[in-house]
Amino acid sequence: MDTYDLAVIGGGINGVGIAADAAGRGLRVALFEQSDLGGATSTASTKLVHGGLRYLETGEYLLVRKALKESQLLLELAPHLIEPIDIHLPYQKHLRPWWMIRAGLFLYNHLAARPSYPAARALKFGSNSPLREELTHGFSFSDGQVDDARLVILNACQARQFGADIFVRHRCSKLDEEGDDWVLGVEDTTTGAAAQFRARVVVNAGGPWVSDLFQNATGKPAKRQVKMVKGSHIVVPAAYPGKQAYMLQNEDGRIAFVIPYLGQFTMVGTTEAEFSGDPADAEISPQEIDYLLEIYNSYLAHPIERKDIVYTWSGVRPLIDNRETTATKTSRDYQLVFENSRLPLLSVYGGKLTTYRLLAEQAVDKLAEFYAELPASRTAGDCLPGGDFTDRQQLEDEIAQRFPWLPAQIIERWVVSYGSLAYELLADCNEITDLGMQFGYGLTQREVDYQIDREWARTVDDILWRRTKLGILFGDSEKQELENYLASRIRAKDENKNKAVADL
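So the sequence shown is residues 0 to 503, counted in numbering that gives the first Met the number 0.
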């Protein structure tokens with residue numbers, strides 16, 4: 000049994016970020032994810048990398064500062080996945096005074112340099128505004144819109160490029176100390192096969208399961224607990240023209256976002272509700288739907304109803320339990336905690352999508368004492384796979400010129416999803432038929448095969464709801480056709496893998 004330098008448990012954004020950082024420093028890394036990469040909290044976000052304007056209200060200036068810095072850096076490292084978006088904040092004088100918002104936006108402009116994002120400013124809404132007519136003034140600031148699932152996948156791809164082994168659908172249920180190593184008991188959740196792996200150091204990046212994972216695997220109590228907070232979103236057909244988003248203040252002091260989504264829809268969220276139970280079972284409640292409809296309709300001129308909702312999602316955020324009475328007041332920062340007295344095991348508590356890269360760097364830095372001459376992190380200087388370009392439109396134009404037969408909708412989506420890796424999907428393609436079967440809405444056999452072979456996809460949900468967001472468009476018959484193809488394609492892949500092992 001080979002020994003890894005580091006085993007990471009959890010394939011959400013923090014886990015894959017840590018795996019990439021550690022492997023990039025030359026460590027031999029294994030990552031274990033019980034379901035699909037990004038299958039829980041990481042892909043149930045509001046799809047923003049942002050400083051967190053509202054966290055200024057609770058005095059979390061350092062968190063906002065580092066999030067602002069990271070939002071700029073991530074835009075440079077992943078220009079395909081992240082794009083600046085203007086966010087308009089309508090002014091309601093009875094909710095927060097003008098001076099308070101101005102002061103917050105002044106800090107937002109100056110806590111960190113973000114040259115790629117337009118500065119915040121006061122704003123007067125014109126006659127073409129989709130807001131109610133009494134809402135005439137407000138503010139505008141900018142953050143980044145991101146494909147959260149692709150961010151997870153491409154961090155895992157980067158980790159693999161650096162030499163990490165990624166085990167998807169492998170649940171770690173046992174952690175035993177044996178000599179100078181951890182022995183991990185791991186189950187392949189697809190086949191039921193059990194295996195053991197050795198590692199010198201373990202990182203527990205279990206997200207909302209972080210405390211339970213440690214306690215169940217070791218039989219010891221975790222040093223921290225998380226406050227599980229459910230956040231839900233609704234999606235309706237595009238509610239207004241334009242690419243701007245809105246940040247809406249509610250009467251309860253919370254805020255919600257209204258954001259253009261996938262070019263054809265509008266997303267509204269998020270809620271905050273304390274949660275107990277299995278995070279995998281989180282789903283939107285009728286009360287949350289009412290809450291989001293109410294705040295939307297209190298600002299937008301054309302109301303929406305339940306019947307307009309085409310899709311919802313919910314995720315559980317693992318916040319640090321700092322004994323605050325409300326979820327809104329609970330910090331969105333993170334803590335990195337050594338759980339074990341003898342062999343090193345580091346648990347990740349809390350965290351935000353925006354700060355995952357910095358969290359990963361700091362986590363591996365904390366492990367430096369266990370490795371001889373560990374190099375510095377390289378993730379601040381290495382773009383994510385496919386991110387080695389500067390201008391999306393220029394890349395789209397180059398692909399269109401080189402492959403004039405490729406539909407514009409595919410080019411646009413592939414540039415956002417894959418960046419320059421789109422050329423890998425197009426290798427040896429000279430006409431549209433070279434892309435194979437057409438499953439609908441621009442999803443082709445070539446792309447599906449790529450996601451199976453290069454991105455660990457195995458199910459319809461893996462492809463339609465995470466690696467692409469096309470599930471919102473697909474009908475039952477189209478999903479069934481894809482299901483049938485996946486079954487035969489993956490069966491053949493598994494048979495070839497088993498034959499190769501038998502021939503060794």
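Idealized CB from N, CA, C, for every residue including glycine. Values in this document were obtained by computation on a predicted structure and should not be read as measured data.
request  = Evaluate residue 54 with the Cβ neighbour count: other Cβ atoms within 10 Å of its Cβ, from every protein chain shown; 16 or more gives buried, anything less gives exposed.
outcome  = Buried, since its Cβ has 16 or more Cβ neighbours within 10 Å.
inquiry  = On the criterion of 16 or more Cβ atoms from any shown chain inside 10 Å, does residue 61 qualify as buried, or is it exposed?
reply    = exposed
message = I'd like the list of long-range same chain contacts for residue 123, defined as Cβ closer than 7 Å, with 5 residues on each side in sequence excluded.
response = Sequence-distant partners of residue 123 (beyond 5 residues in either direction) whose C-beta falls short of 7 Å from its own C-beta, in its chain, are 135, 136.
ask   = CB-CB under 6 Å to residue 68, same chain, minus the five flanking residues each way: which ones, in chain order?
value = Scanning its chain for C-beta atoms nearer than 6 Å, with the 5 sequence neighbours on each side dropped, one finds around residue 68 the residues 111, in chain order.
Residue 529 versus residue 359: straight-line alpha-carbon distance, rounded = With the chain covering 0 to 503 only, the question about residue 529 has no answer from this structure.
inquiry  = Closer than 8 Å is the cut-off here; do at least three beta carbon pairs connect the segment 363-376 with the segment 388-399?
reply    = By the criterion of at least three beta-carbon pairs nearer than 8 Å, the segment 363-376 is not in contact with the segment 388-399.
message = Report the start-end ranges of each alpha helix (DSSP H) in the segment 271-355 that is 4 residues or longer and not cut off at the edges.
response = 285-296
ask   = Can you list, in chain order, the residues of its chain whose CB lies under 7 Å from that of residue 316, leaving out five sequence neighbours each side?
value = 40, 228, 230
key: residue 194 vs residue 185 beta-carbon contact at 7 Å   = yes
ask   = From what residue to what residue does the beta strand (DSSP E) around residue 171 run?
value = 169-177
ask   = Tell me which same chain residues have a C-beta within less than 7 Å of the C-beta of residue 248, skipping the five on either side of it?
value = 91, 94, 95, 254
request  = Starting from the N-terminal side, write out each stretch of the alpha helix (DSSP H) that is 4 residues or longer and does not extend beyond the segment 188-230.
outcome  = 209-217
query = Can you give, in chain order, each stretch of the alpha helix (DSSP H) that sits fully within the segment 378-434 and has at least 4 residues?
reply = 391-401, 407-417, 421-424
message = Helix, strand or coil for residue 71? Go by DSSP, reduced to three states.
response = helix
request  = Give me the Cα-Cα distance between residue 298 and residue 148, rounded to the nearest whole angstrom.
outcome  = Each residue's Cα considered, the two are about 30 Å apart.
request  = Kindly say whether residue 357, judged by its beta-carbon, lies nearer than 7 Å to any beta-carbon of chain C.
outcome  = Included in the structure is just one protein chain, with no chain C present.
query = Going by beta carbon distance, what residues of the same chain come within less than 7 Å of residue 412, once the five residues before and after it are set aside?
reply = Excluding the 5 residues flanking it on each side, residue 412 has same chain C-beta neighbours closer than 7 Å at 441, in chain order.
ask   = Would residue 226 be called buried (16 or more neighbouring beta carbons within 10 Å of its own) or exposed?
value = buried
task = Indicate whether the contact test is met: 3 or more Cβ pairs, each with one atom in the segment 42-54 and one in the segment 381-390, closer than 8 Å.
result = no
message = Three or more C-beta pairs under 8 Å: does that hold for the segment 285-297 against the segment 335-342?
response = no
message = Quick check: residue 374 and residue 156, are their CB atoms within less than 7 Å of each other?
response = no
message = Taking the straight line between their C-alpha atoms, what separation do you get for residue 77 and residue 166?
response = 24 Å
ask   = Name the DSSP bridge partner or partners of residue 152?
value = Residue 152 is bridged by DSSP to nothing; it lacks a bridge partner.
request  = Could you please give me the residues that DSSP links to residue 447 through a beta bridge?
outcome  = The partner list for residue 447 (beta bridge, DSSP) is empty, contrary to what the question assumes.
key: Cβ neighbours of residue 169 in the same chain (closer than 6 Å, five flanking residues each side left out)   = The residues are 31, 185, 187.
ask   = Do you know offhand how far residue 351's Cα is from residue 332's?
value = 7 Å
request  = Measure the Cβ-Cβ separation of residue 209 and residue 215 and say whether it is below 7 Å.
outcome  = Between residue 209 and residue 215, the CB-CB gap reaches or exceeds 7 Å.
task = State the start and end residues of the unbroken alpha helix (DSSP H) segment that holds residue 261.
result = Neither: residue 261 is in no alpha helix (DSSP H) and is coded neither H nor E.
message = For residue 263, tell me which candidate among 238, 6, 377 has the shortest Cα-Cα distance.
response = 238
query = Is DSSP giving residue 4 helix, strand or coil here?
reply = Look at residue 4 here: in three-state DSSP terms it is strand.
ask   = Rounded to a whole number of angstroms, what is the C-alpha to C-alpha distance between residue 20 and residue 154?
value = 9 Å
ask   = Tell me the DSSP bridge mates of residue 84?
value = 142
inquiry  = Using a Cβ-Cβ cutoff of less than 7 Å, which residues in the same chain neighbour residue 75 once the five nearest sequence positions on both sides are dropped?
reply    = none
request  = Since I believe residue 12 is in contact with residue 355 (beta carbons under 8 Å), could you give me their beta-carbon distance rounded to a whole number of angstroms?
outcome  = Sure, about 4 Å apart at Cβ, within 8 Å.
task = Just grab the DSSP bridge partners of residue 248 for me.
result = Residue 248 pairs with 254.
key: CA-to-CA distance, residue 59 to residue 330, given in whole angstroms   = 8 Å
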